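Okay, so here's the structure we're looking at.
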Amino acid sequence: TEYAHWFYLQSITERSLSDDGDTLVTEKYFNYNDTSHNQLSSELSVGSDGKAITTKYWYPHNFSTGLFIDSLKNKNIIARPVKTETYLGKKTIKGTITKYNDDGSIYEIWKRNETIPSDSATHSPGQLLPESYDLEGSIVRDHSAKRPREVHYPDGKVATLIWGYGRRYLIAQVMNRSFAEVSAAPGIDFTALENSSDNVYINSKMEILRTQFADAPIISYNYAPGIGVTSQTDQNSVSTYYFYDQLGRVN
-19 TEYAHWFYLQ SITERSLSDD GDTLVTEKYF NYNDTSHNQL SSELSVGSDG KAITTKYWYP
41 HNFSTGLFID SLKNKNIIAR PVKTETYLGK KTIKGTITKY NDDGSIYEIW KRNETIPSDS
101 ATHSPGQLLP ESYDLEGSIV RDHSAKRPRE VHYPDGKVAT LIWGYGRRYL IAQVMNRSFA
161 EVSAAPGIDF TALENSSDNV YINSKMEILR TQFADAPIIS YNYAPGIGVT SQTDQNSVST
221 YYFYDQLGRV N
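Residue numbers for the sequence shown follow the numbering used here, so the first one is -19 and each next one is one higher.
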């Protein structure tokens, strides 16, 4: 006889100190009560002020059909959250709809457009996009690199994403330039850049991009692989550095 057991995190207690020295306590409770996917269904967070914030999650099996939904179900990609909504009491305060490619990668993100909290609505399996959602951005993915390449915004702007350290980490975001423009920049071997883990080499190529695209805001990053970001340089060439202790914590 074979037995299968699922072990879920039920609750977390977080304690922190305010600037006044008061102890702030947040209790979080997690529900996994939908057997169609066995993923996190909802999360309840109660702070020291007594406010209760609930976040609910819906997955492909919570929708009847449509566009990418059937493809994800057929490929058993059922753990990607399609809809997430957050409530303060009975009022909806924010929401996200995520559309996916057939391989489960993101291609569009929609955000709830109401700035004033409204009464929460019952989830409808046959409705993917309620009228209260607007397109936040769409993502063009490089399937050979298995990474997002461009982010397109509703106002027509585009951001190109550059990956490094063997295409494991995001090393730059170049605004207002397409990937075709960025990858054709003179003085840069794009394949070598994305495979490099040498921060000196990476930073030298970032300076070339900043010179080549002087009117394009560029944010770049360095990493200690397996630990985290070690520096971030913004569009004004101002750098912020991060240091870690022996346990990998920022100090």
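Built from N, CA and C at the ideal position, the CB exists for glycine as well.
Quantities reported herein were computed from a predicted structural model and do not represent experimental measurements.
On the CB-based measure, 16 or more other CB atoms within 10 Å of its CB, does residue i come out buried or exposed?
i	result
A139	buried
R229	exposed
G144	buried
F43	buried
T45	exposed
G30	exposed
L(-11)	exposed
K185	buried
S21	buried
Y133	exposed
Y235	Because the chain is modelled from -19 through 231, residue 235 falls outside the range shown and cannot be assessed.
T213	buried
L47	exposed
L173	buried
Spell out the partners DSSP gives residue i in its beta bridges.
i	result
R60	In the DSSP output, where bridge partners are listed per residue, R60 has none listed.
Y133	Paired residues: none, contrary to the question.
T168	For the sequence presented, residue 168 should be read as Ile rather than Thr. Beta-bridge pairing links I168 to no other residue.
Q212	Y201, T220
P128	R121
I(-8)	K8
M155	A139
R147	None, per the DSSP bridge assignment.
A32	V26
Could you name the residues of the same chain whose beta carbon sits closer than 8 Å to that of residue i, not counting the 5 residues immediately before and after it, in chain order?
i	result
V209	Y201, N202, Y203, Y222
P205	Y145, R148, Y149, S177
I207	Y224, G228
Can residue i and residue j be called in contact, C-beta distance under 7 Å?
i	j	result
P40	K53	yes
N175	G146	yes
I151	I168	no
Y37	P61	yes
K71	P97	yes
S211	S219	yes
E88	G75	no
I77	L109	yes
Please go through the same chain and pick out, in chain order, the residues whose beta-carbon is closer than 7 Å to the beta-carbon of residue i, but skip the five residues on each side of it.
i	result
N93	S112, Y113, D114
T(-7)	V5, E7
E116	I89, W90, K91
Q215	P197, I198, I199
Which residue wins for smallest C-alpha separation from residue i, given the options the options?
i	options	result
V154	K36, A172, R190	R190
W90	S118, S104, D99	S118
E23	N11, P105, F170, A59	N11
S16	A165, I57, M186	I57
S51	G84, P166, A164, H103	G84
G136	Y9, I142, R127, R157	R157
N13	W(-14), L(-3), P197, T171	W(-14)
G106	S(-9), F193, I49, T171	I49
T102	R127, V131, P166, Y67	Y67
For residue i, which residues in the same chain have their Cβ closer than 6 Å to its Cβ, ignoring the five residues on either side in sequence?
i	result
D122	R129
H28	Residue identity check: residue 28 is Ser in the sequence provided, not His. Excluding residues within five positions, the ones whose Cβ falls inside 6 Å are L4, V5.
I142	I151, A152
Y291	No information on residue 291 is available, as it lies outside the stretch -19 to 231 that the chain covers here.
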